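>
Here it is in structure tokens:
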């Protein structure tokens with residue numbers, strides 16, 4: 001291989017922090033390494049960037065190869081270039097993150113036979129490389145983001161209750177929110193449309209259903225806002 | 001050079017978008033290329049990352065070497081991995097950005113004899129590589145940021161007038177703001193302390209001076225807020 005830039009160069013990887021939400025928990029998708037270094041340890045899905053693919057393409061390819069997950073909307077998080085983060089040689093990684101609905105994204109048998117699984121974010125084992133730090137950074141970004149962008153459109157069913165959207169925020173922020181206060185604030189954002197329908201097939205008293213005002217949601221996502229919770 | 005990852009690899013660069021503010025304009029620091037490709041064209045300061053330095057260190061070193069600028073607080077913006085963005089070979093770049101006080105950061109003769117100069121953001125020539133796009137991305141990030149983080153601490157003198165801080169926001173947002181409305185909003189953020197002093201040596205009526213409440217400013221920077229302007 002002949003390069004026009006004739007100096008030693010770092011290897012380049014991508015790593016993906018995929019958060020999944022189910023009814024109870026914020027979870028993160030991990031793979032178990034089957035090669036050294038950190039053989040047998042859990043790690044973020046990821047791998048080396050090929051010359052003919054963009055960073056985004058590399059992230060999607062690695063995620064699909066290692067976990068079977070496809071059609072995930074990944075956002076770039078941060079590039080990490082600590083000099084000795086990989087014991088083999090200098091490796092710079094571009095980290096990505098995503099928030100997906102867990103029930104839509106069951107992990108399939110990974111094509112390269114690595115073990116892949118969801119872990120509750122509160123209960124993650126010590127990860128390979130500096131992946132603990134990358135996971136922490138992604139979690140902070142997600143927590144920060146709910147304060148200035150609406151979330152939930154891709155995560156909630158088309159019609160949902162205020163209890164469900166409060167739960168979504170509670171899981172991401174990892175704390176209980178005051179019901180009355182939360183409802184006042186979420187409604188004042190003007191992105192929810194109250195429907196003339198209530199829940200069906202529930203044991204508790206059926207609650208009012210809402211849906212997102214797609215146009216306002218989109219505008220707020222672009223403009224940003226401040227949700228003080 | 002023997003690598004443990006035995007495949008062709010991209011070269012890795014850093015590029016810096018340094019915005020400068022003076023009394024009138026938002027400016028950006030550019031260098032003129034003295035080698036192909038794009039010889040003679042203006043470009044963002046930047047260059048190849050060395051094996052023994054972090055990405056942040058590479059950005060600071062390149063900025064210093066090419067423009068003489070030191071002690072700048074650079075924030076990582078985005079990594080760009082479009083496959084053919086450099087005609088020589090595959091080059092992935094990690095873009096950084098900063099906002100500095102122009103009067104504190106006069107450009108010195110660059111040590112490697114390249115031409116370096118400040119350009120008004122509205123009046124930038126067509127740049128080398130995809131640097132136009134990176135500049136645009138940085139400008140958007142800066143505009144977005146003033147909506148959820150306070151700015152100005154490093155840019156305004158220790159004591160300043162409301163006219164000065166409004167001007168700062170106007171320059172970044174590139175539009176006139178309503179004086180009455182702006183003042184109400186900036187004061188309601190609670191980060192300004194009204195002083196018992198007025199401007200001196202001014203031709204117009206001397207205006208009240210303010211300073212930042214450093215503790216509240218810091219807290220807001222961390223927490224974020226929403227400044228609807």
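Chains as they are written, first to last, in the UniProt record's numbering: chain Z, 1 to 229; chain W, 1 to 229.
Note that beta-carbon positions come from the ideal geometry of N, C-alpha and C, so glycine has one too.
Note that the structure is a prediction, hence the values are computed from the model and not measured.
1. Taking CB distances under 9 Å as the criterion, tell me whether residue 200 of chain W reaches chain Z.
2. My assumption, with CB atoms under 8 Å, is that residue 19 of chain W sits in contact with residue 74 of chain W. Please give the rounded CB distance.
3. Where are the beta strand (DSSP E) runs, 3 residues long or more, that stay fully inside the UniProt domain "Nudix hydrolase" (11-143) of chain W, in chain order?
4. Evaluate residue 175 of chain W with the Cβ neighbour count: other Cβ atoms within 10 Å of its Cβ, from every protein chain shown; 16 or more gives buried, anything less gives exposed.
5. Helix, strand or coil: how does DSSP classify residue 202 of chain Z here?
6. So, is residue 200 of chain W buried or exposed, given that buried needs 16 or more other C-beta atoms within 10 angstroms?
7. Sorted by chain position, which residues of the same chain lie with C-beta nearer than 7 Å to residue 121 of chain W's C-beta, five sequence neighbours on each side aside?
8. Between which two residues does the alpha helix (DSSP H) harbouring residue 164 of chain W extend?
9. Anyone know if the C-beta pair for residue 141 of chain W and residue 220 of chain W falls short of 9 Å?
10. Residue 204 of chain Z: buried (16+ other C-beta within 10 angstroms of its C-beta) or exposed?
11. Does residue 208 of chain W come out as helix, strand or coil in the three-state DSSP assignment?
12. Within a Cβ cutoff of 6 Å, which residues of the same chain sit near residue 127 of chain Z, ignoring the five residues on either side of it in sequence?
13. Can you confirm whether residue 55 of chain Z, when its beta carbon is compared against all beta carbons of chain W, has any partner nearer than 9 Å?
14. Using a Cβ cut-off of 7 Å, which residues of the region 67-84 of chain W contact any Cβ in chain Z, in chain order?
15. Compare the C-beta of residue 207 of chain Z against all C-beta atoms of chain W and say whether one is closer than 9 Å.
16. Run down chain Z in chain order and give the residues with a C-beta less than 8 Å from the C-beta of residue 64 of chain W.
17. Distance, Cα to Cα, residue 196 of chain W vs residue 47 of chain W?
18. Residues of chain W with CB under 8 Å from residue 89 of chain Z, in chain order?
19. Which residues of chain Z have a Cβ atom closer than 8 Å to the Cβ of residue 143 of chain W, listed in chain order?
20. Answer with buried or exposed for residue 160 of chain Z, where buried requires no fewer than 16 other C-beta atoms within 10 angstroms of its C-beta.
21. Report yes if the C-beta distance between residue 81 of chain W and residue 49 of chain Z is below 9 Å; otherwise report no.
22. Given residue 59 of chain W, which residues of its chain have a CB within under 7 Å of its CB, disregarding the five upstream and five downstream residues?
23. Helix, strand or coil, according to DSSP, for residue 195 of chain W in the structure here?
24. Any beta carbon of chain Z sitting closer than 9 Å to that of residue 147 of chain W?
25. Using DSSP with H/G/I as helix, E/B as strand and the rest coil, what is residue 270 of chain W?
26. Going by the CB atoms, is the gap between residue 158 of chain Z and residue 225 of chain Z shorter than 9 Å?
27. Against residue 8 of chain W, what residues of chain Z qualify as contacts under a CB-to-CB distance less than 9 Å, listed in chain order?
28. Could you check where the alpha helix (DSSP H) with residue 216 of chain W kicks off and where it finishes?
29. Let me see if you follow: with CB-CB separation under 9 Å, is residue 20 of chain Z close to chain W or not?
30. Where do the N-terminal and C-terminal ends of the alpha helix (DSSP H) with residue 185 of chain Z fall, by residue?
31. With a 10 Å radius around its C-beta and 16 neighbouring C-beta atoms as the bar for buried, classify residue 8 of chain W as buried or exposed.
32. For residue 170 of chain Z versus residue 162 of chain Z, is the C-beta spacing smaller than 9 Å?
33. Could you check if residue 188 of chain W is buried or exposed, using at least 16 other CB atoms within 10 Å of its CB as the buried criterion?
34. Kindly indicate if chain Z contains any beta-carbon less than 9 Å away from that of residue 224 of chain W.
With the given structure in hand:
1. Along the second chain, read from residue 1 onward, the residue named residue 200 of chain W stands at position 200. Answer no: the Cβ-Cβ gap between residue 200 of chain W and chain Z never drops below 9 Å.
2. If you number the second chain from 1, residue 19 of chain W lands on position 19. If you number the second chain from 1, residue 74 of chain W lands on position 74. Residue 19 of chain W to residue 74 of chain W, Cβ: 11 Å. No contact.
3. 11-21, 26-32, 46-48, 75-80, 91-101, 115-120
4. On the second chain, position 175 is the one that residue 175 of chain W refers to. Flag for residue 175 of chain W reads exposed.
5. Within the first chain, residue 202 of chain Z is the residue found at index 202, counting from 1. Three-state DSSP puts residue 202 of chain Z in coil, outside helix and strand.
6. Stepping through the second chain from its first residue, residue 200 of chain W is reached at position 200. Residue 200 of chain W comes out exposed.
7. As a position in the second chain, residue 121 of chain W is number 121, starting the count at 1. Result list for residue 121 of chain W: 26, 27, 28, 139, in chain order.
8. The residue given as residue 164 of chain W occupies position 164 in the second chain. Taken as a continuous stretch (DSSP letters only), the alpha helix (DSSP H) holding residue 164 of chain W covers 162-173.
9. Locating residue 141 of chain W in the second chain gives position 141, counting from the first residue. Locating residue 220 of chain W in the second chain gives position 220, counting from the first residue. Not closer than 9 Å, so no.
10. As a working mapping, residue 204 of chain Z is identified with position 204 in the first chain. That one is exposed.
11. Against the second chain, residue 208 of chain W aligns to sequence position 208. Three-state DSSP puts residue 208 of chain W in a strand.
12. If you number the first chain from 1, residue 127 of chain Z lands on position 127. Around residue 127 of chain Z: 42, 43.
13. Counting from one through the first chain, the residue named residue 55 of chain Z turns up at place 55. Chain W, which has a Cβ nearer than 9 Å to the Cβ of residue 55 of chain Z, makes this yes.
14. 76, 78, 79, 81, 82, 83
15. Residue mapping note: residue 207 of chain Z aligns to position 207 of the first chain, counting from 1. For residue 207 of chain Z, the answer is no, since every Cβ of chain W falls outside 9 Å of its Cβ.
16. Position 64 of the second chain, counting from 1, holds the residue named residue 64 of chain W. Ordered by position in chain Z, no residue passes the 8 Å Cβ test against residue 64 of chain W, which lies about 18 Å from the chain.
17. As a working mapping, residue 196 of chain W is identified with position 196 in the second chain. As a working mapping, residue 47 of chain W is identified with position 47 in the second chain. Residue 196 of chain W and residue 47 of chain W: Cα-Cα distance of roughly 49 Å.
18. As a working mapping, residue 89 of chain Z is identified with position 89 in the first chain. Those are 3, 4, 5, listed as they occur along chain W.
19. Residue numbering aside, residue 143 of chain W sits at position 143 when the second chain is read from its first letter. None at all; the shortest Cβ gap to chain Z is about 11 Å.
20. Taking the first chain and counting its residues from 1, one reaches residue 160 of chain Z at position 160. Buried, because 16 or more other Cβ atoms sit within 10 Å of the Cβ of residue 160 of chain Z.
21. One-based indexing of the second chain puts residue 81 of chain W at position 81. One-based indexing of the first chain puts residue 49 of chain Z at position 49. Closer than 9 Å, so yes.
22. Position 59 of the second chain holds residue 59 of chain W. These residues qualify, in order along the chain: 14, 16, 74, 96.
23. On the second chain, position 195 is the one that residue 195 of chain W refers to. DSSP places residue 195 of chain W in strand when its eight states are reduced to three.
24. Within the second chain, residue 147 of chain W is the residue found at index 147, counting from 1. Answer yes: the Cβ-Cβ gap between residue 147 of chain W and chain Z drops below 9 Å somewhere.
25. Residue 270 of chain W cannot be examined here, being either before or after the span of chain W that is shown, 1 to 229.
26. On the first chain, position 225 is the one that residue 225 of chain Z refers to. On the first chain, position 158 is the one that residue 158 of chain Z refers to. It is not a contact, given that the beta carbons lie outside the stated cut-off.
27. Taking the second chain and counting its residues from 1, the one referred to as residue 8 of chain W is at position 8. Result: 1, 3, 50, 51.
28. Counted from its first residue, the second chain places residue 216 of chain W at position 216. Residue 216 of chain W -> alpha helix (DSSP H) spans 214-223.
29. Here residue 20 of chain Z corresponds to residue number 20 of the first chain, with the count starting at 1. False, the Cβ-Cβ gap to chain W never drops below 9 Å.
30. The residue given as residue 185 of chain Z occupies position 185 in the first chain. Unbroken alpha helix (DSSP H) run through residue 185 of chain Z: 179-188.
31. As a first step, residue 8 of chain W is located in the second chain; it is residue number 8 there, counting from the start. It is exposed - the Cβ of residue 8 of chain W has fewer than 16 other Cβ atoms within 10 Å.
32. Position 170 of the first chain, counted from the first residue, corresponds to residue 170 of chain Z. Position 162 of the first chain, counted from the first residue, corresponds to residue 162 of chain Z. The answer is no: Cβ separation not under 9 Å.
33. Reading the second chain from its first residue, position 188 is the one you call residue 188 of chain W. With fewer than 16 other Cβ atoms within 10 Å, it is exposed.
34. Working through the second chain from its first residue, we reach residue 224 of chain W at position 224. Yes, residue 224 of chain W counts as interfacial toward chain Z.
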